[in-house]
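Only one structure is covered here, and it is reproduced in the block below.
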Amino acid sequence: MRFENKTVIITGGDKGIGRAVVLAFAKEGANTVIGYNRDLDSAKKTGRMVENEGGNFEIFKVDVRIKEECEKLVETAVKRFGRLDIAVNNAGVSTMNWAVDLTEEEWDFNMDVNAKGVFFSCQSEVKQLIKQGNGGKIVNISSIAGKRQAMLLSHYAASKFAVLGFSKSLALEVASHGINVNCVCPGLVRTSMQEREIEWEAKLRGMSKEEVIDEYHNAVPLGRLEEPEDAAKLVLFLASEDAAYMTGQAVNVAGGLEMAV
Ligand SMILES: NC(=O)c1ccc[n+]([C@@H]2O[C@H](COP(=O)([O-])OP(=O)(O)OC[C@H]3O[C@@H](n4cnc5c(N)ncnc54)[C@H](O)[C@@H]3O)[C@@H](O)[C@H]2O)c1
2 MRFENKTVII
12 TGGDKGIGRA
22 VVLAFAKEGA
32 NTVIGYNRDL
42 DSAKKTGRMV
52 ENEGGNFEIF
62 KVDVRIKEEC
72 EKLVETAVKR
82 FGRLDIAVNN
92 AGVSTMNWAV
102 DLTEEEWDFN
112 MDVNAKGVFF
122 SCQSEVKQLI
132 KQGNGGKIVN
142 ISSIAGKRQA
152 MLLSHYAASK
162 FAVLGFSKSL
172 ALEVASHGIN
182 VNCVCPGLVR
192 TSMQEREIEW
202 EAKLRGMSKE
212 EVIDEYHNAV
222 PLGRLEEPED
232 AAKLVLFLAS
242 EDAAYMTGQA
252 VNVAGGLEMA
262 V
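Taking the numbering used here, I'd label the letters of the sequence shown as residues 2 to 262.
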């Protein structure tokens, strides 16, 4: 098992991609700290799934927009498991709108959770890793929308481009401490975020939900939508010793979506 007794923080670990990441780490022997924001039931359910894998876990409520809460999350991990080894900053939100109609509130919401949340999370995690003095691994979840245009998602794309810019710069600054910082860029992943986006997109473009889903399918060269587990596999690779010589990278896992027009 690649992660025996390693302590891993996963923000947004209660559902979607985050839950798949938590379970994948638990299956490989890690102690997981599941950050959740609103849905305690979902966090508890993830915890039970970890238990079924024989894993240890801690659940912690965190709003990544609040610096002190990000610091507390790290403190909780260290208090419970003695140290921090890996952090996956996955918490994220999206809303959809035409850029021309976008409100300041929508812009701030996406930027605050997706960009500032990654900044606050990384800062707390890196401080702890530097204090421990044995390096560590950080994996930030960006998106294909962090590398190219995304209709109805200009504000979200801006926030995910920000994740890449911040992560690459941080990677450079902490490399001398043996800390690797990399990003994962998923495509069209079947989660509650995608369900909400299908509804919004159908409404904003005057289409049926089925038509939107068909467009998603047609956009993916590998011919199927992404499962949370597809993204989780890449997260674990980047957190593993197999990726020891990688830092400051943004790796796509999107079925080839980025190659499509
Ligand atoms: N679903 C996709 O198609 C897709 C594609 C590319 C990237 N992503 C990214 O993957 C990540 C996970 O998305 P998902 O699809 O699993 O979405 P999801 O909506 O199923 O889960 C989002 C998670 O983020 C947490 N969260 C939201 N606001 C928070 C806050 N203020 N503080 C702490 N946690 C908060 C939620 O509690 C939840 O656990 C996000 O960063 C998202 O942008 C998703």
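We put the CB at the ideal spot given by N, CA and C, even for glycine. Please read all numbers here as calculations on a predicted model, not as lab measurements.
Contact under 8 Å by Cβ, residue i with residue j
i	j	result
Ala92	Gly56	no
Leu74	Ile10	yes
Cys184	Ser160	no
Leu226	Val140	no
Thr8	Asn32	yes
Ala251	Ala220	no
Min CB distance residue i to chain B below 8 Å
i	result
Leu103	The chain labelled as chain B is not found in the depicted structure, where only one protein chain is given.
Residue i Cβ short of 7 Å to ligand 1 heavy atom set
i	result
Met194	yes
Lys148	no
Val190	yes
Asn91	yes
Lys16	yes
Tyr217	no
Pro187	yes
Asp42	no
Thr12	yes
Ser95	yes
Arg39	yes
Asp64	yes
Gly19	yes
Val23	no
Nearest-angstrom Cβ-Cβ length linking residue i and residue j, presumed shorter than 8 Å
i	j	result
Phe26	Phe4	6 Å
Val190	Pro229	6 Å
Ala116	Gly188	With 8 Å as the limit, Ala116 and Gly188 do not qualify as a contact, their Cβ atoms being about 20 Å apart.
Leu130	Leu85	6 Å
Lys28	Glu54	5 Å
Leu154	Trp99	Between Trp99 and Leu154 the Cβ distance is about 10 Å, and since that is not below 8 Å, they are no contact.
Reference residue i; option with closest CA among the options
i	options	result
Glu78	Met152, Leu171, Gln250, Thr12	According to the sequence as given, residue 78 is Ala; it is not Glu. Ala78 has its Cα closest to that of Thr12, out of Met152, Leu171, Gln250, Thr12.
Val65	Val94, Lys234, Leu173	Val94
Thr248	Ile131, Lys138, Ala21	Lys138
Ser122	Glu72, Asn98, Ile87	Glu72
Gly179	Ala245, Val34, Lys148, Ile145	Ala245
Met50	Thr8, Val175, Gly19	Gly19
Gly14	Thr47, Ala31, Val182, Lys234	Thr47
Lys16	Ala31, Gly30, Asn32, Gly36	Gly36
Val23	Glu242, Lys234, Asn253	Lys234
Residue i - DSSP class collapsed to helix/strand/coil
i	result
Phe58	strand
Ile87	strand
Glu5	coil
Lys16	coil
Pro222	coil
Ala251	strand
Glu137	The sequence as given places Gly at residue 137; Glu does not occur at that position. Residue state, collapsed to three classes: strand.
Ile67	coil
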